[in-house]
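Quick note, this note's numbering runs 546 ahead of the 1-based positions in the sequence shown. Every residue, glycine too, gets a C-beta built ideally from N, C-alpha and C.
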Amino acid sequence: MDVIYAIDIAGTFAFAISGALVAIRKKFDVFGVIIIAFVTAVGGGMTRDVLINAHPINWIGDINYIWTILIAVAATFLFRSKIAPLRRTMFLFDTIGISVFTLLGVQKGINFNLHPFVALVMGMSSAVMGGVIRDVLTNEIPLIFHREIYASACLAGGIVYLLLYPFNINEDVLFVISAGIIILVRTIAVQYKLELPRIKKDVFGK
547 MDVIYAIDIA GTFAFAISGA LVAIRKKFDV FGVIIIAFVT AVGGGMTRDV
597 LINAHPINWI GDINYIWTIL IAVAATFLFR SKIAPLRRTM FLFDTIGISV
647 FTLLGVQKGI NFNLHPFVAL VMGMSSAVMG GVIRDVLTNE IPLIFHREIY
697 ASACLAGGIV YLLLYPFNIN EDVLFVISAG IIILVRTIAV QYKLELPRIK
747 KDVFGK
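Shown next, in the form of structure tokens:
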């Protein structure tokens, strides 16, 4: 199995678990948990594919995504008490997942001959839109709008990928370098509690 594809599946698994945990905490029924896990795991890639008119949409063209999500939901129900405390492990999977999703999105944008800026936005959307949809459906403020360097880390890695792409670097090496940037930026941001500047209310006279 291709390494990048394997990491993509692992990221999908981790995203599905994170979505399932949120839905369970919100006391959703089984169907609700599956739906939230599903949109968290593949919502970003699906949004990207719809926007660029790519067919088949990621999960429709590969049934392994569906099986991965269902297994993740089952694992969450069976081992919730053991999974929930594993924040560091989930953070690692989540960070690797967003790095892979970002770069796969950028690559797909390039393959569709999109402008580099649009390809970058597609990469970021692939990584973060699943979480945004999850948070909206569970009545939460999306994570990327109020905490952590999340989408910004994706943009940093995507920019590095686009800058190095014209130099004909080996694709696997380029992927690893760019993914490493995303992982490094997010890890440092979380470690040192870095956030983007916030606009103070009194700026608007309130």
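Burial state of residue i (16 or more Cβ within 10 Å)
i: ASP595; result: buried
i: VAL585; result: buried
i: ASN685; result: exposed
i: THR641; result: buried
i: PHE577; result: exposed
i: GLN737; result: exposed
i: LYS654; result: buried
i: VAL682; result: exposed
i: GLY677; result: buried
i: ARG732; result: buried
i: TRP605; result: buried
i: SER627; result: exposed
i: TYR611; result: buried
i: ILE656; result: buried
i: TYR707; result: buried
i: GLY726; result: exposed
i: ILE734; result: exposed
Chain-order list of residues whose beta-carbon lies under 6 Å from that of residue i (same chain, five-residue window excluded)
i: ILE581; result: none
i: MET675; result: GLY589, GLY590 and THR593
i: ALA562; result: ALA583, ALA587, ILE615 and ALA618
i: MET559; result: In the sequence under discussion, the amino acid at residue 559 is Phe, which differs from the Met named in the question. Around PHE559: THR614 and ALA618.
i: LEU740; result: ILE695
i: PHE658; result: ILE598
i: GLY669; result: THR648, GLY651, VAL652 and GLY704
i: SER724; result: LEU649, GLY703, VAL706 and TYR707
Nearest-angstrom beta carbon gap, residue j and residue i [assumed within contact, 8 Å]
i: PHE639; j: GLY557; result: 7 Å
i: LEU720; j: LEU709; result: At roughly 10 Å, the Cβ-Cβ gap does not stay under 8 Å, so LEU720 and LEU709 are not in contact.
Start-to-end residues for the alpha helix (DSSP H) that takes in residue i
i: TYR611; result: 610-629
i: LYS572; result: It is not in any alpha helix (DSSP H) - LYS572 carries neither H nor E in the DSSP assignment.
i: ARG744; result: Premise fails: ARG744 is in no alpha helix (DSSP H) and is neither H nor E.
i: TYR696; result: Taken as a continuous stretch (DSSP letters only), TYR696 belongs to no alpha helix (DSSP H), as it is neither H nor E.
i: ASN604; result: 604-607
i: PRO662; result: 662-683
i: GLU717; result: 717-737
i: ILE656; result: 633-657
Contacts around residue i, its chain only, beta-carbon distance under 7 Å, and the 5 residues preceding and following it disregarded
i: ILE728; result: ILE644, SER645, THR648, ALA699, CYS700, ALA702 and GLY703
i: ALA705; result: First, the residue type needs correcting, since residue 705 is Ile and not Ala in the sequence shown. The answer, listed in chain order, is LEU666.
i: ILE679; result: VAL585 and GLY589
i: ILE553; result: ILE642 and VAL646
Residues of its chain near residue i, where Cβ-Cβ distance is below 8 Å and the 5 sequence neighbours each way are ignored
i: ILE629; result: ILE563, LEU567, ALA621, THR622 and MET636
i: LEU742; result: ILE695 and SER698
i: SER671; result: GLY590, THR593, ARG594, LEU597 and GLY651
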